[in-house]
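Remarks on the structure that follows.
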Amino acid sequence: MPGASTTEIEDPFVVQLEKLLVDLTFGTQGGGGGVGDLHGCSFRSWGGTLYARYPHRVVLTWFTLFQVREEEGFFAVRWGAIIPPRQPFPPNHHEEREMQRIGKWMTVALLVMLPHAALAQEDDAEVSLSLPPASLGKWYKPASERHVWLHTMFRLRRAMLAVSEYAALGERDLLVKWAEQLVKDYRSIGEMVPEWKDELEVEWAEKLLEAARAGDAEGVGRAQRKIGISCNGCHKEFRFTAAALYRTPDFGRVKVEDSETLEEVAFHDAMEGLSISLNRLFIALRDGRAEAATLAREKLQQRLSDLRGSCGGCHENASTVDEILGRPVLEKLQQVVPLMDKNTPRKALERLGEVAVETCSRCHSLHRTPAELRELLSGE
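With positions in the sequence shown counted from 1, the corresponding number in the working numbering is that position plus 54.
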């Protein structure tokens, strides 16, 4: 911080904080990664970069400056010194924009740190994701009639719980029944995804079944823990990307029929058309151009109705679509132009804002980010 004076660290909290920064960054993991917690401030460090989360604030530091907000002001921590300003630091708009950009990337970066499909923000802050084998895709829709893989995971979770409970209760017959189901589904993992066959703890699965048949609760628990380690390892590495790839709609395949031309339009093009219509309506309302606003509203309403027709491909329950593109929203859209006043368009703009939130924002919050992540991972 140019022009700021430094003082020696004396506060115990700051001493601990600096030690934590050093340990995480240059500790036993050689700068490769670390996690820490101090007075409600959690830290993660990997690839030469330190991240910190302190009450509702994510902060990025590149070794030269660490900044956290406290209730009574700011602290800026440098290696070996602390700067406690009497007034908050002046806003740095370039840094603010950079943090907004980094924030989007960190949504993914803070979740996983694994090999393959590298996602990089800076040269010394690289995070990567593991992609599952392509054979996994055969067990999800649309390649499969049902989400076979997903239901196998559900059965395994139930079986693990049932085995634990019946072992504790000493219910041998029910214990054996669920242990057999668990082992059967666990073995099927290697049959469905051959690339993962060698990662399975098949011997421990057999030991679990033997222990169940012998009524050995301790042996069952020991085997379960070994199997659980293999499950957790796979989930940690692949569950996030598998869900993004196979449980997220592929909007590249979705077409929207234009009710004027009766031609099918690519989904991304339909979204672009909606954005243009919405903003044309906003501009016309703000500038008091009633005729232009009426035309823009009619076009927007037509495009929303066209979009609704494409939603039924996945949303078989019409009430789900009605929540976002139903009559209440369209009625609000009809009210926009009559509310317009050339001198005070505020009410019309507010009503249009309600429509945008109830349609665009609600749908985007559910679909847009996962869909864009899927595109990124699949390379489509």
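Glycine included, every Cβ here is placed at the ideal spot set by N, Cα and C. Here the structure is a predicted model, which is why all the values come from computation and not from measurement.
Pair within 7 Å by beta-carbon distance, residue i and residue j
| i | j | result |
| --- | --- | --- |
| residue 335 | residue 354 | yes |
| residue 233 | residue 256 | no |
| residue 327 | residue 362 | no |
| residue 299 | residue 183 | no |
| residue 386 | residue 405 | yes |
| residue 186 | residue 321 | no |
| residue 428 | residue 302 | yes |
| residue 347 | residue 391 | yes |
| residue 194 | residue 201 | yes |
| residue 230 | residue 267 | yes |
| residue 226 | residue 191 | no |
| residue 364 | residue 308 | yes |
Beta-bridge pairing of residue i - partner residues as DSSP gives them
| i | result |
| --- | --- |
| residue 309 | 320 |
N- and C-terminal bounds of the alpha helix (DSSP H) containing residue i
| i | result |
| --- | --- |
| residue 300 | 294-300 |
| residue 233 | 226-246 |
| residue 285 | 271-288 |
| residue 427 | 416-432 |
| residue 407 | 400-410 |
| residue 23 | The requested residue 23 is not part of the displayed model; the chain covers only 55 to 434. |
| residue 205 | 202-223 |
| residue 374 | 372-379 |
| residue 190 | It is not in any alpha helix (DSSP H) - residue 190 carries neither H nor E in the DSSP assignment. |
Selection from the options that minimises the alpha carbon distance to residue i
| i | options | result |
| --- | --- | --- |
| residue 433 | 419, 194, 408, 295 | 295 |
| residue 259 | 391, 390, 282, 297 | 282 |
| residue 351 | 262, 423, 393 | 393 |
| residue 311 | 323, 303, 301 | 323 |
| residue 509 | 376, 212, 191, 347 | Given that the chain is displayed from residue 55 to residue 434, the structure contains no residue 509 and the question cannot be resolved. |
| residue 402 | 191, 341, 376, 381 | 341 |
| residue 253 | 266, 284, 370, 366 | 284 |
| residue 241 | 192, 268, 207 | 207 |
| residue 261 | 249, 275, 250 | 275 |
| residue 412 | 380, 425, 325 | 380 |
| residue 420 | 221, 375, 246 | 375 |
| residue 188 | 250, 223, 199, 219 | 250 |
Item to check | Any alpha helix (DSSP H) of 4 or more consecutive residues that is wholly inside the region 318-348 | outcome: 321-340, all fully within the region 318-348.
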